Amino acid sequence: SARLIRNILVNFNKTQIIPYRLTHTVQPVKLTYDEYLPKDPSAVSGAPVLVMHGLFGSRQNWRGISKRLTQVLKPSRKIISLDARNHGQSPHTEEHTYRHMAEDVREVIRGIPEANKVVLMGHSMGGRCMMYFALEYPELVESTIIVDISPFSNVHFVGNLDDMKELLRTLQRISLDSNLSPSAARKVVDGEISGIMKDKATRDFILLNLYKNEDSSFQWKFNIDGLLANIESSISKFPEEMLVEKKYPGAVLFIGGADSPYINPQDLPRIQESFPQATLEFISDAGHLVHVQKPQEFLNIVVNFLNR
């Protein structure tokens, strides 16, 4: 009967087709980004540089570096600084895997008419996304710069995984009076999270995301629910199956803060199994936010790598 056939089809769909679809197609979102061009835009001849920030960051974190790069790179390049999904002004989604994030970047590249290849640069979570992209789409990538993260990092932005979840849950439950000024609201949040995050600079970095909506209510730029749902399963580690199956043959520079635990120099041989051309440079007296703490040293290393 028709019902029997329908049941067979439904069950067939469940067993055969859906897993295939889930493993082969993900839904990208349209990322918000800023483009930076040199004073003479017609001078641009190098592949564009796509930059992605880390967890709790936004494209604004890279504004200063992006502007400087347009002035000092030879050949001149366009710099495109992205807001990752669930961050900045990019769409909020329930999914937040590196697979999804790489497809978001793929969509951005599709929209750049002149780009045969791109240079990738990513910090922390953004670095994991760019490593994933380079392994998945090596033919699109001229070279890659990974900032204070490696495929084997198992350190967390705040303490351990439980601290990260506790931080997100705390932000989730804080309710802020819309009569407060932004600076007063930041003070309230700062007091609530200082027990979980001892480091004031890291708290200030997170508080950059608090803003007042048009209806005067306070909102977070990042999607707390989406990050909390994915922090353990996806965000906090690099998908190791990528390292088993794929290699990226192009030039890769890892830049670490010498005081940061995110990149273990002893991991370099393991890193080179997937990224055979990987090199590693550390900047002294710098932690995880190496590009913020030592911008000039950071720029010098990036420029030497890209201008070579």
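When we follow UniProt numbering, the leftmost residue of the sequence shown carries the number 1, and every step to the right adds one. Beta carbons are placed, not taken as given, at the ideal position from N, Cα and C, and that holds for glycine. Just so we're clear, the structure is a prediction, and the values are computed from it rather than from any experiment.
Given residue i, which residues of its chain have a CB within under 6 Å of its CB, disregarding the five upstream and five downstream residues?
i, result
"A47", "K117, V118, V119, E142"
"L171", "I224"
"G256", "D148, I263, F282"
"S274", "L243, K247"
"T279", "L253"
"N61", "H53"
If you follow the alpha helix (DSSP H) that residue i is in, where does it begin and where does it stop?
i, result
"T70", "63-72"
"Y98", "98-110"
"Y189", "The residue asked about is misnamed: residue 189 is Val in this sequence, not Tyr. Per DSSP, V189 belongs to the alpha helix (DSSP H) from 182-193."
Straight-line CA distance for residue i to residue j?
i, j, result
"L22", "G57", "Low local confidence applies: a pLDDT of 45 at L22 is under 50, so the model's placement there is unreliable, with the coordinate-based value given in what follows. Each residue's Cα considered, the two are about 29 Å apart."
"A251", "V292", "24 Å"
"S153", "K237", "7 Å"
"I271", "N264", "10 Å"
"R110", "P28", "12 Å"
"P239", "N179", "44 Å"
"A102", "Y33", "15 Å"
"E107", "I79", "16 Å"
"P38", "S284", "30 Å"
"L69", "A115", "18 Å"
"D163", "A43", "48 Å"
"G54", "I112", "23 Å"
"D83", "R59", "5 Å"
"G159", "P41", "44 Å"
"V105", "C129", "9 Å"
"D199", "E192", "13 Å"
"L207", "I174", "13 Å"
Would you say the beta carbon of residue i comes nearer than 7 Å to a heavy atom of the ligand ADP?
i, result
"S284", "The ligand ADP is absent from the structure shown, which contains no ligand whatsoever."
Could you round the C-beta distance between residue i and residue j to whole angstroms and report it? I think they count as a contact, below 8 Å.
i, j, result
"D259", "G287", "5 Å"
"V51", "S81", "5 Å"
"residue 316", "V303", "With the chain covering 1 to 308 only, the question about residue 316 has no answer from this structure."
"I235", "M125", "6 Å"
"P151", "P249", "That belief does not hold up - the Cβ atoms of P151 and P249 are roughly 16 Å apart, past 8 Å."
"K221", "H123", "At roughly 17 Å, the Cβ-Cβ gap does not stay under 8 Å, so K221 and H123 are not in contact."
"V189", "L210", "6 Å"
"Y36", "S66", "4 Å"
Exposed or buried, what is residue i when buried is set at 16 or more other beta-carbons lying within 10 Å of its beta-carbon?
i, result
"A201", "exposed"
"residue 356", "Lying before the first or after the last residue shown, residue 356 is absent from the chain, which here runs from 1 to 308."
"S181", "exposed"
"G64", "exposed"
"T25", "exposed"
"G226", "buried"
"N307", "exposed"
"R203", "buried"
Excluding the five sequence neighbours on either side, which residues of its own chain have a C-beta within less than 8 Å of the C-beta of residue i, listed in chain order?
i, result
"N230", "E95, H96, T97"
"I301", "L253, I255, E281, I283"
"H156", "D163, M164, S236"
Ignore the nearest five residues each way along the sequence and tell me which others in residue i's own chain have a CB closer than 7 Å to its CB.
i, result
"M242", "Y132, L135"
"K212", "P182, F218"
"E166", "I196"
"T93", "V29, R85, N86, G226"
"S45", "P75, S76"
"P295", "G64, I65"
"S216", "S178"
State the start and end residues of the unbroken beta strand (DSSP E) segment that holds residue i.
i, result
"I79", "79-82"
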